[in-house]
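Asker: The structure is given below, and queries will be raised subsequently.
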Amino acid sequence: MDNVTNWTRDLASLEPLEEYENRYVQCNLAPLLLSPELAQDIVSLHDPQNEDNFNLLIISLLADTIKQRKLAIKEEAEKLRNELNYLLKKFNN
0 MDNVTNWTRD LASLEPLEEY ENRYVQCNLA PLLLSPELAQ DIVSLHDPQN EDNFNLLIIS
60 LLADTIKQRK LAIKEEAEKL RNELNYLLKK FNN
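Numbering that gives the first Met the number 0 applies: residue 0 is where the sequence shown begins, and numbers increase by one.
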């Protein structure tokens, strides 16, 4: 697991790699977004001979993770909104 820790620490020091879906994904988000299992998978796929594809893989995984988290936040916000509306109706009656 030391390799994963070192890899995420190294990744965190990188500049933005590429534009992806009209926004820059900052690599300093990697330690916050990647589970140890996903980081280990990425490390196992690393091919020093093909850095560009590896960088695109990282960006793609980070973007997908961000999308999933945004969706989860939207779903939670909708639940809270519904609960608030229910409580307001109950309080007003």
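A virtual CB, placed ideally from N, CA and C, is assigned to each residue, including glycine.
With a Cβ-Cβ cutoff of 9 Å, do L55 and L44 count as a contact?
Answerer: Going by C-beta atoms, L55 is not nearer than 9 Å to L44.
Asker: Taking the alpha-carbon positions, what's the L83 to E75 distance?
Answerer: About 12 Å.
Asker: Do F53 and D63 have their C-beta atoms within less than 9 Å of each other?
Answerer: No, the Cβ-Cβ distance between F53 and D63 is not below 9 Å.
Asker: Three-state secondary structure (DSSP) at L86?
Answerer: Of the three classes helix, strand and coil, the one that applies to L86 here is helix, per DSSP.
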